[in-house]
Amino acid sequence: MNIKIFLIAEVFILIIGLTIAILRSLPGPVFFPVRLLMIVYTDFFRGVPTILVIYLFGFGVPALAISGVPRSEFVWGIVALTLVYSAYVSEVYRAGIESVHPSQEAAARSLGLSKTKAMRFVVLPQAVRRVVPPLLNDFIGLQKDTALVALIGPVEAFRQSQIEVAANFDYTPYFATALLFVALTIPMARFTDWLVAREQRRRR
Amino acid sequence: MSAVELHGVRKSFGEEEVLHGIDLGVEEHQVVCLIGASGSGKSTLLRCVNLLEPIDDGRIVVGGEEVTAPGVDADRVRRGIGIVFQAYNLFPHMTVLRNVTLAPREVLGKSKAEAEADALELLVRFGLVERAGDYPDRLSGGQQQRVAIVRALAMRPQLMLLDEVTSALDPELVGEVLNVIRELAAGGMTMLIATHEMGFAREIANLVCFLDGGVILEQGPPEQIFSAPREPRTRQFLQRIVQAGRL
Numbered sequence: 000m001n002i003k004i005f006l007i008a009e010v011f012i013l014i015i016g017l018t019i020a021i022l023r024s025l026p027g028p029v030f031f032p033v034r035l036l037m038i039v040y041t042d043f044f045r046g047v048p049t050i051l052v053i054y055l056f057g058f059g060v061p062a063l064a065i066s067g068v069p070r071s072e073f074v075w076g077i078v079a080l081t082l083v084y085s086a087y088v089s090e091v092y093r094a095g096i097e098s099v100h101p102s103q104e105a106a107a108r109s110l111g112l113s114k115t116k117a118m119r120f121v122v123l124p125q126a127v128r129r130v131v132p133p134l135l136n137d138f139i140g141l142q143k144d145t146a147l148v149a150l151i152g153p154v155e156a157f158r159q160s161q162i163e164v165a166a167n168f169d170y171t172p173y174f175a176t177a178l179l180f181v182a183l184t185i186p187m188a189r190f191t192d193w194l195v196a197r198e199q200r201r202r203r
Numbered sequence: 000m001s002a003v004e005l006h007g008v009r010k011s012f013g014e015e016e017v018l019h020g021i022d023l024g025v026e027e028h029q030v031v032c033l034i035g036a037s038g039s040g041k042s043t044l045l046r047c048v049n050l051l052e053p054i055d056d057g058r059i060v061v062g063g064e065e066v067t068a069p070g071v072d073a074d075r076v077r078r079g080i081g082i083v084f085q086a087y088n089l090f091p092h093m094t095v096l097r098n099v100t101l102a103p104r105e106v107l108g109k110s111k112a113e114a115e116a117d118a119l120e121l122l123v124r125f126g127l128v129e130r131a132g133d134y135p136d137r138l139s140g141g142q143q144q145r146v147a148i149v150r151a152l153a154m155r156p157q158l159m160l161l162d163e164v165t166s167a168l169d170p171e172l173v174g175e176v177l178n179v180i181r182e183l184a185a186g187g188m189t190m191l192i193a194t195h196e197m198g199f200a201r202e203i204a205n206l207v208c209f210l211d212g213g214v215i216l217e218q219g220p221p222e223q224i225f226s227a228p229r230e231p232r233t234r235q236f237l238q239r240i241v242q243a244g245r246l
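Going down the list, the sequences are from chains A and B. When the count follows numbering that gives the first Met the number 0, it moves up by one through the first sequence with no breaks and lands on 203 for the last residue. When the count follows numbering that gives the first Met the number 0, it moves up by one through the second sequence with no breaks and lands on 246 for the last residue.
What follows is the structure in structure tokens.
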């Protein structure tokens, strides 16, 4: 269940985070409202505790009983995590985009590439490469936070262990769950290290 | 017809005006060298011609078309103008071949095969073909700069702008880059070159312009500028260059 939440949320976060980062980098006064909206979004969702967002969506939205809106806590858990983490991830992307020297964009534009194509072929590939380690760091956080979705209902690993603990007054299930989470995040951490090392080798 | 004409071009960065009304004409197949101290406006002038910097006043005409007129598609104008920068600005995440083929494929819509055939032909011509599969950071500065020139040439520009292309190079690598430029000049390429290489400017230029404080203080054929400069400021500048052993 945790892995499922994580994998689905991750895909949306990567896409939405990148979209926000790009929208925030649009120049000129015409796009001021767009930029402002994105700033408000990231400020808001980085400021509100994740657990609150999960409560709001998990209990709040189904309670409105709007027809056609899914009532599954599983879905709303994913939505909540996606909204929160997209805000974090967009900032990571933005830092990456800004770390690419303006001369790279100038070189691309000087060859006749449009702003969009310069972004797509020259700026973004370099930016994404640079932010892979911090991005994976955020995903390790996300993997842990999937446990919070338990609070609105779905029985994931953490909830299951609570049930076991309550039944037997034996704390081993908590410990086992902790190990389970660590077992999931360690490969990601090592994968991050490996990527960084590979990038450094190639740079030499 | 002139390849490039500048009429009263003015450019400011914030409060500071860096170009105070530049008038300049470059004929087709001519090489014009811009000389002058750092900060005199040479680089800015080149960037304005390529529309990388919007100008505040005046007109720039390239190939008979006023490119500074409102509504002109800057991307289309830039296609026909190659620019090479002091710091090469190759794309570090792409191989040499990809650096050269990116714009022909994405801007001109050439097929991969066609773009690569063109690129390899250029790389062979400039002795870089063994480097086609390498990433830029594997190349020497001189090789990187030659790749940057090839990348600009791959768009088949009618005009090349060279912005102090040898200033970042180790002295022993300057020659190979200058040879490339000589070859381009011999092939009839119209070029506007900002340079600190006075000997080279003297050899290759049809016209030399001395920029000082954002104006073209003096212009003329190289023999006149280097042997009999009229303006005291030009004389002073050249004297300093001679003292530094660069001429």
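From the three backbone atoms N, C-alpha and C, an ideal C-beta is built for every residue, glycine too. Fair warning: this is a prediction, and the values are worked out from it, not measured in the lab.
Beta-carbon proximity of residue i to residue j, cut-off 9 angstroms
i	j	result
B:Asp55	B:Ser11	yes
B:Leu210	B:Gln29	no
A:Tyr17	A:Tyr92	Note on residue identity: the sequence assigns Leu, not Tyr, to residue 17 of chain A. It is a contact, given that the beta carbons lie within the stated cut-off.
A:Leu112	B:Val106	yes
B:Gln8	B:Gly24	Checking the displayed sequence, the identity of residue 8 of chain B turns out to be Val instead of Gln. Going by C-beta atoms, B:Val8 is not nearer than 9 angstroms to B:Gly24.
A:Ile7	A:Ser89	no
B:Ala185	B:Tyr87	no
A:Thr176	A:Phe157	yes
B:Arg77	A:Ser109	yes
B:Ile59	B:Val214	no
B:Leu183	B:Thr165	no
B:Met197	B:Leu237	yes
B:Pro170	B:Arg201	no
B:His92	A:Pro124	yes
B:Val17	B:Cys208	no
B:Leu101	B:Gln143	no
Residue i versus residue j - alpha carbon distance
i	j	result
A:Ala105	A:Gln142	39 angstroms
A:Ser85	A:Ile96	16 angstroms
A:Asp137	A:Pro48	15 angstroms
B:Glu26	B:Leu5	12 angstroms
B:Val173	A:Ala126	32 angstroms
A:Ile53	B:Gly70	49 angstroms
A:Phe58	A:Val148	11 angstroms
A:Val150	A:Asp144	Residue identity check: residue 150 of chain A is Leu in the sequence provided, not Val. Using only the alpha carbons, I get a separation of about 11 angstroms.
A:Ala107	B:Gly79	14 angstroms
A:Ser102	A:Leu55	45 angstroms
A:Phe120	A:Pro186	30 angstroms
B:Val66	B:Ala153	22 angstroms
B:His195	B:Ala114	34 angstroms
B:Pro228	B:Arg239	14 angstroms
A:Tyr40	A:Glu9	18 angstroms
B:Thr151	B:Val99	The displayed chain sequence assigns Ala, not Thr, to residue 151 of chain B. Going by the C-alpha atoms only, they are around 8 angstroms apart.
A:Lys114	A:Gln159	51 angstroms
A:Leu51	A:Phe11	20 angstroms
B:Arg104	B:Val149	15 angstroms
A:Pro61	A:Ser98	42 angstroms
A:Leu82	B:Cys47	43 angstroms
B:Phe225	A:Ile38	57 angstroms
Amino acids of chain A, ordered along the chain, whose beta-carbon sits closer than 8 angstroms to that of residue i
i	result
B:Pro91	Gln125
B:Val74	Checking the displayed sequence, the identity of residue 74 of chain B turns out to be Asp instead of Val. Correct list: Arg108, Gly111, Leu112, Ser113.
Proximal chain A residues relative to residue i, where beta-carbon distance stays under 9 angstroms
i	result
B:Phe125	Per Cβ cutoff of 9 angstroms: no residues; B:Phe125 is ~18 angstroms from chain A at best.
B:Arg77	Arg108, Ser109, Leu110, Gly111, Leu112
Contacts that residue i makes with chain B (C-beta to C-beta distance below 7 angstroms)
i	result
A:Ser102	Phe84, Ala86, Asn88
A:Phe120	Leu101, Glu105
A:Ala8	Within 7 angstroms Cβ-Cβ: nothing; A:Ala8 doesn't reach chain B, min ~28 angstroms.
A:Ala86	Per Cβ cutoff of 7 angstroms: no residues; A:Ala86 is ~27 angstroms from chain B at best.
A:Ala156	Simply none; closest approach about 39 angstroms.
Residue i Cβ short of 8 angstroms to the ligand PLP heavy atom set
i	result
B:Ala2	Absence of the ligand PLP is noted for the structure shown, with no ligands found whatsoever.
Partner residues on chain B for residue i, Cβ-Cβ distance less than 8 angstroms
i	result
A:Ala94	Per Cβ cutoff of 8 angstroms: no residues; A:Ala94 is ~18 angstroms from chain B at best.
A:Lys116	Glu105, Val106
A:Ala166	Ordered by position in chain B, no residue passes the 8 angstroms Cβ test against A:Ala166, which lies about 55 angstroms from the chain.
Partners in chain B for residue i, counting only beta-carbon separations shorter than 9 angstroms
i	result
A:Arg128	His92
A:Ala146	Simply none; closest approach about 37 angstroms.
Partner residues on chain A for residue i, Cβ-Cβ distance less than 7 angstroms
i	result
B:Arg145	Result: empty, since nearest Cβ-Cβ is about 15 angstroms, beyond 7 angstroms.
Inset, instruction - Mind the definition here: the stretch 182-202 of chain B touches the stretch 154-169 of chain B only if three or more C-beta pairs lie below 8 angstroms; say whether that holds. - result: yes
Legend entry - Segment contact, 8 angstroms Cβ cut-off, at least three pairs: the stretch 77-86 of chain B with the stretch 122-135 of chain B: no
Legend entry - Proximal residues, the stretch 150-165 of chain B versus chain A, C-beta separation under 9 angstroms: Arg150, Ala151, Ala153, Met154, Leu160
Inset, instruction - Taking 8 angstroms as the threshold, find out whether the stretch 172-192 of chain A comes into contact with the stretch 19-34 of chain A through three or more Cβ pairs. - result: Taking 8 angstroms as the limit for Cβ pairs, the verdict is that the stretch 19-34 of chain A does not touch the stretch 172-192 of chain A.
Inset, instruction - May I ask you to list, following chain order, the residues of the stretch 185-200 of chain A that have a beta carbon less than 9 angstroms from some beta carbon of chain B? - result: Answer in chain order: no residues at all.
Inset, instruction - Determine contact between the stretch 130-142 of chain B and the stretch 37-57 of chain B, defined as no fewer than three beta-carbon pairs at a distance below 8 angstroms. - result: no
Inset, instruction - Could you list the residues in the stretch 47-70 of chain B with a C-beta less than 8 angstroms from some C-beta on chain A, going in chain order? - result: Result list: Asn49, Leu51.
Inset, instruction - Say whether the stretch 181-198 of chain A touches the stretch 121-135 of chain A, bearing in mind that this needs 3 or more beta-carbon pairs closer than 8 angstroms, one atom from each stretch. - result: yes
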